[in-house]
Amino acid sequence: MLTSAELAELFPDPDPAVFPTLTGRQMPEHVSGFPGDDHHGFDAIKLAGRIAIPPIMPWQRGNLRCLLRRDANGMWTHPDAVLIVPRQNGKSEILLLRCLYGLAVLGEKILYTVQRWDTGKDLHERLATMIASRSWLRKRLKKQPTLSQGRGTIEFTNGAKMVTSTRSADMGRGLTRIDLLIYDEAYNLDESASAAVDWAQMAAADPQTIYTSSAVNAFQHSKGFVLTDMRNEGLRGADRLYFAEYMAPAGMHWRSLPTWQYANPSWGVIANEAKIQKPLRKATTKAGIASFGVEALGRGIWPVRDEDKPALISADVWKTNKNPGATLIGPRAMAVDMTPDRKTVAITASQWTSEGRIHIDLGYHGPYSAQTVPYIVGKVLRLDPCVLVMDDQSPAASMIGDLEAAGLTVYSTNTGELAKSTGDFYDRALGALLNHTGDPDIADAVEGAVKRDLPGGGWAWDRKRAQDDISPLVAGSLSTWGLVKFGAQTAPVQKLVHRPLAPAAVMAPVSSRFGGRGLDLAAAGF
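If you're matching positions, the sequence shown starts at 298 in my numbering and goes up one per residue.
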């Protein structure tokens, strides 16, 4: 890892004689890298001087050196690199110089990918202008640079080639080898697009991949997970990964000049107070302030994968609701849910306790079979619940027709009622107002559940991982909601919810349609 002394040498304070107005912090807030040979980096800085572009700032020089650093075996010290900088600071200059050096000196095959073509077109034209400005570079061109909608190409006589392209499944077309792959605007990088060029990069002897971007705003960038994952790797100091992030910590006030200077390394040269006023005027709402923080201060709103999210109801909280010896009173409410693959059914019952809590019992959790409907009918006959609830969007809703044909009335929740059932269950769990026996299947469902936003507001349970089965939790939430809505009522409500069950002679045809397979009645609860 780089020492503090090495970092200070890489990112020194600007020379006032060269940069009299530069007041931005040159050192990244977060940085991770490894030592190596910088001769390519220094040569690239000299190349920048030869083409007479404006002097590159200390932070640009330091990052360029790290991108071009070699190890003792002559391989890239950092085959992967991540550079996260607030917008309008000049990170493109670093990439232009890295590409120009790769073309003119290293003879690389380069694929430069962008999210929006206007970004790629601008970079291609700027690089072509750099090359055209010097005869010794023009002479190295194999042919004149070409530019079409969504794709630009530059080729040198040494075999080097650079393709600038918007990201797509065929963005690597024409490149059988990719030495340098750049993902610019990586805040919205689709995993499938990156997979499209993996094999072409594997053909290179010493490939390098660079991810550059402003910070991710999870509320706007639905495909921010790739950059987030790479950032997390950088924060933990992953081996052979270079990571540099410029941002202002949360403790610094978002409207102050020192904060703007801290987050923006080019403050005073590119970024300044006049330019920042326009986005600042729009920061009048909570969402606007958050967006300003992302774009201007580098304070990313980084997405969290569902499988990495903590349980909404922690194991400790769930344990506080455990009381297998509670006294149950009053009516029951029942509910049924089914997994999306239609293989597993959960049947729950909820009932009041003498302490005023709601007890949840998982009566059955197992395979869905031809016996499931007659089993539910039998349970309703025996337990006489005040209501039988299913969500109208659940796979379990496919059983409603057969249950009604058997004489039952099923209450189907709509989206709003589903949201209420979830929110009520969550609030009761956190307030220790539920009661359960410690059933491991319900505990697993609670651990494997995350939020799923619903249209029009509210939320419902969703699975963390594809393999998670949350049907006991969904059913438990529905039966709890059903008890609150109907369980405090008296017999007339039961008559509203339940039609009289059909006599056995009428039910017999229903049972005959569901042969015995898969349902273990002996293992069922209630």
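Backbone N, C-alpha and C fix where the C-beta goes; we use that ideal spot for every residue, glycine too. Note that this is a predicted model, so its numbers are computed, not measured.
Own chain partners of residue i with C-beta closer than 6 Å, once the 5 adjacent residues on each side are dropped
i      : result
TRP599 : VAL513, THR525
LEU307 : GLY359
SER588 : none
PHE316 : none
GLY399 : GLU405, ILE407, LEU477
HIS795 : Model confidence at HIS795 stands at a pLDDT of 39, short of 50, so the residue's coordinates are unreliable; what they give is reported in the following sentence. Closer than 6 Å at the Cβ level, and outside the excluded window around HIS795, lie THR706.
ASP699 : VAL670
THR509 : LEU380, LYS388, ASP481
LYS748 : TRP756
ALA493 : ALA466
THR636 : ASP766, SER768
VAL382 : LYS388, TYR543
GLN441 : none
LEU299 : GLY330
ASP487 : LYS520
LYS761 : ASP603, GLU604, GLY745, VAL747
PRO621 : THR734
Under 8 Å between C-beta atoms of residue i and residue j
i      : j      : result
LYS418 : LEU472 : no
MET631 : ALA646 : yes
SER462 : ARG448 : yes
THR709 : ASP634 : According to the sequence provided, residue 709 is Ser. The question's Thr does not apply to it. For SER709 and ASP634, no; Cβs fall outside 8 Å.
GLY485 : GLY404 : According to the sequence provided, residue 485 is Asn. The question's Gly does not apply to it. Contact flag unset, no.
MET354 : LEU397 : no
ARG464 : GLN498 : no
LEU420 : SER389 : yes
ASN386 : ILE567 : yes
LEU680 : PHE823 : yes
GLU652 : ALA623 : yes
HIS656 : GLN648 : yes
ASP312 : GLN323 : no
GLY346 : LEU361 : no
ALA425 : ILE451 : yes
ARG537 : HIS375 : yes
VAL460 : SER491 : no
ALA378 : LEU394 : no
ILE479 : LEU392 : yes
ILE739 : LEU770 : yes
Neighbourhood of residue i by C-beta distance below 8 Å, restricted to the same chain and skipping five residues each side
i      : result
LEU532 : HIS327, SER329, PHE540
LYS439 : GLU452, PHE453, THR454
Supposed close pair residue i, residue j - CB separation, criterion 8 Å
i      : j      : result
ASP340 : ARG367 : That pair is no contact at about 12 Å.
ASP766 : LEU659 : About 12 Å; that fails the 8 Å criterion.
ASP750 : TRP758 : Their Cβ separation, rounded to whole angstroms, is 12 Å, which puts ASP750 and TRP758 out of contact at 8 Å.
THR320 : GLN505 : Wrong, their Cβ atoms sit about 32 Å apart, outside the cutoff.
GLU592 : ARG384 : 5 Å
MET544 : GLY595 : 3 Å
ILE610 : ALA726 : 5 Å
ALA693 : VAL674 : Not confirmed; about 14 Å, so no contact.
ARG654 : LEU730 : 5 Å
ARG437 : PHE453 : 5 Å
As assigned by DSSP and simplified to three states, the class of residue i
i      : result
GLN505 : strand
GLN558 : helix
SER666 : coil
TRP649 : strand
PHE308 : coil
PRO253 : There is simply no residue 253 to check, as the chain begins at 298 and stops at 823 in what is shown.
ASN620 : coil
HIS336 : helix
ILE767 : coil
LYS458 : strand
MET527 : helix
THR463 : strand
ALA772 : helix
ASP721 : helix
VAL747 : strand
PHE522 : helix
GLU488 : helix
GLU390 : helix
GLY330 : coil
Contacts around residue i, its chain only, beta-carbon distance under 7 Å, and the 5 residues preceding and following it disregarded
i      : result
LYS640 : PRO664, TYR665
ILE348 : MET427, SER430, ARG431
GLY565 : THR318, LEU319, THR320, GLY321
Near the ligand GTP: residue i beta-carbon under 7 Å from a heavy atom
i      : result
HIS733 : By its list of ligands, the structure shown contains no ligand whatsoever, and the ligand GTP lies outside what it can speak to.
Would you check if there are 3 or more beta carbon pairs closer than 8 Å linking the segment 310–329 to the segment 370–378? Because the criterion of three Cβ pairs below 8 Å is not met, the segment 310–329 and the segment 370–378 do not touch.
Assess, as a yes-or-no matter, whether the segment 513–522 is touched by the segment 546–560 under the definition of 3 or more beta carbon pairs within less than 8 Å. Verdict: no, contact absent.
If we count Cβ pairs, one from each stretch, closer than 8 Å, do we get three or more for the segment 591–607 versus the segment 713–721? As far as the Cβ criterion goes, the segment 591–607 does not touch the segment 713–721, which means the pair count is below three.
Check whether the segment 725–743 touches the segment 601–615, taking contact to mean three or more Cβ pairs, one atom from each stretch, closer than 8 Å. With a cut-off of 8 Å, the segment 601–615 and the segment 725–743 count as touching, because enough Cβ pairs lie within range.
So does the segment 774–785 actually touch the segment 677–688, counting three or more Cβ pairs closer than 8 Å? Contact between the segment 774–785 and the segment 677–688 is present: 3 or more CB-CB pairs across the two stretches fall below 8 Å.
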